[in-house]
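K.L.:
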Amino acid sequence: GNGNGGGIAAKRLDEAIRAHLKSTSSFPNHINVNVRIYADLKTISLSAQRSNLVSKNNQAWSRCLAPFVASFSQVCPGFDFIDVGDHDVVAIKVAENFQFYATDPRCKRIYFGVSTSIRYLDLLEAHSNLGNKVVLVFSGSVNEQFRNLGFEHSEFLKVFHDVERTAVSVRAPPILIGKEVDIASSVIRARLSRLLPEPGHSLDIPVNSSRHRLDPILELPSNDDWSSFSSKFAGGKNPCNNFHLLSRCDGQNCQYSHEPHDNASRRVHLYLARNLRCWKRGTCRDDRCFAGHICQSLVCLQVGHRAKPCRLPLGLHIQDLEV
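Numbering (full-length UniProt numbering), first residue to last: 1 to 323.
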């Protein structure tokens, strides 16, 4: 109910994970434990109030768990409780992180918090070959389909307990061991790769059956790419689109930066430009246009419609992506 509760929860969770590792395997005590919790703070705050976990007199009801979230992230170096502002984004973040750590050889164990929701059942079934690398963490009533997956499971009784929930569904987040890296969902990227043209395609302007312009599949920048780009342009001018992407700005009276790009900066720059809408939308036939004509957001593709924080208009969220 107070800000210190988050820190207490983080310590108990760290202790529970280390105790389980010690009891079931030969991992050293100094192993790094990283915890990533993604949530919609407004939704879980409302759920906490309806479950009488916080005072109903709290005027800032939509963010009443903010002190808890902040203290959770402060106590242990590898612990982060992240408000992503939308429950659909939560699902994307969970899937992306799980898929990365599932294939990362540096990650030795994944503790995955499972609730009564079957939202992540397909994700777990697709990685049933991971065996004892995955431990499902149960709390209270659990859908039997999770028990039938064949993964080891445990309950951290000093950390989690079930509460009666009304109207708002709170989905359990993943608990991950390994280095945090933000990657694209491999399932969605595979779908795009099968449908959209690759960069450097032979068609002049690819279109779908409705004559709506399609963009080549967008290469997602890595965390290192973003860091390189941010450090290069921090506190200075933004990069010039015409110069870097069209090679046609002479620099006279230009208020934007012409500082040379490395490969990392160019990937980020092109990604940002593609997330700006083209004013001609799907009717554009300018082969020099670097703006976006379709949405390639992983979040939007996952939910099947425009989702926060995407700023591209509804007309660019199309389902027919085949040339």
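All C-beta atoms in this analysis are idealised placements derived from N, C-alpha and C, irrespective of residue type, glycine included.
(1) Rounded to whole angstroms, how far is the Cβ of residue 256 from the Cβ of residue 218, which I believe are closer than 8 Å?
(2) Do residue 316 and residue 294 come within 7 Å of each other at the CB atom, strictly closer than that value?
(3) Quick one: complete alpha helix (DSSP H) runs, 4+ long, within the stretch 46-115?
(4) How should residue 286 be labelled, buried or exposed, when 16 other C-beta atoms within 10 angstroms of its C-beta is the threshold for buried?
(5) Report the CB separation of residue 76 from residue 16 in whole angstroms; it is logged as a contact under 8 Å.
(6) With 16 as the cutoff for other CB atoms within 10 Å, does residue 30 come out buried or exposed?
(7) Secondary structure at residue 277, three-state DSSP: helix, strand or coil?
(8) Once the 5 residues before and after residue 356 are set aside, which same chain residues still bring their CB inside 7 Å of it?
(9) Alpha carbon to alpha carbon, how far is residue 225 from residue 238?
(10) Where do the N-terminal and C-terminal ends of the beta strand (DSSP E) with residue 154 fall, by residue?
(11) Give the secondary structure of residue 173 by DSSP, where H, G and I count as helix, E and B as strand, and everything else as coil.
(12) For the putative contact between residue 292 and residue 312, defined by C-beta atoms under 8 Å, what is the C-beta separation to the nearest angstrom?
(13) Given a cut-off of 7 Å, decide if residue 298 and residue 92 are closer than it, judged by their beta-carbon atoms.
(14) For the beta strand (DSSP E) containing residue 136, list its first residue and its last residue.
(15) Near residue 42, what residues of its chain come up, given a Cβ to Cβ distance below 6 Å and the 5 sequence neighbours on each side ignored?
(16) Thinking C-alpha only, which one of 159, 154, 87, 245 is nearest residue 39?
(17) Going by DSSP, which residues form a beta bridge with residue 260?
(18) Give me, in chain order, the residues of the same chain whose beta-carbon lies closer than 7 Å to that of residue 4; leave out the 5 immediate sequence neighbours on both sides.
(19) Tell me which same chain residues have a C-beta within less than 7 Å of the C-beta of residue 205, skipping the five on either side of it?
(20) With distance defined between alpha-carbon atoms, name the residue in 145, 230, 110 nearest to residue 262.
(21) I need the straight-line Cα distance from residue 113 to residue 296, nearest angstrom please.
(22) Straight-line CA distance for residue 307 to residue 321?
P.N.:
By the coordinates alone:
(1) 22 Å between Cβ atoms; not a contact.
(2) yes
(3) 66-75, 87-103
(4) exposed
(5) Not a contact, Cβ separation roughly 12 Å.
(6) exposed
(7) strand
(8) Shown here, the chain extends from 1 to 323; a query on residue 356 therefore has no answer.
(9) 16 Å
(10) 152-154
(11) The pLDDT assigned to residue 173 is 41, lower than 50, so where the model puts this residue is not dependable, and the model offers no usable value.
(12) 6 Å
(13) yes
(14) 134-137
(15) 62
(16) 87
(17) Note: residue 260 sits in no beta bridge, so no partner.
(18) 71
(19) 213, 285, 287
(20) 230
(21) 29 Å
(22) 18 Å
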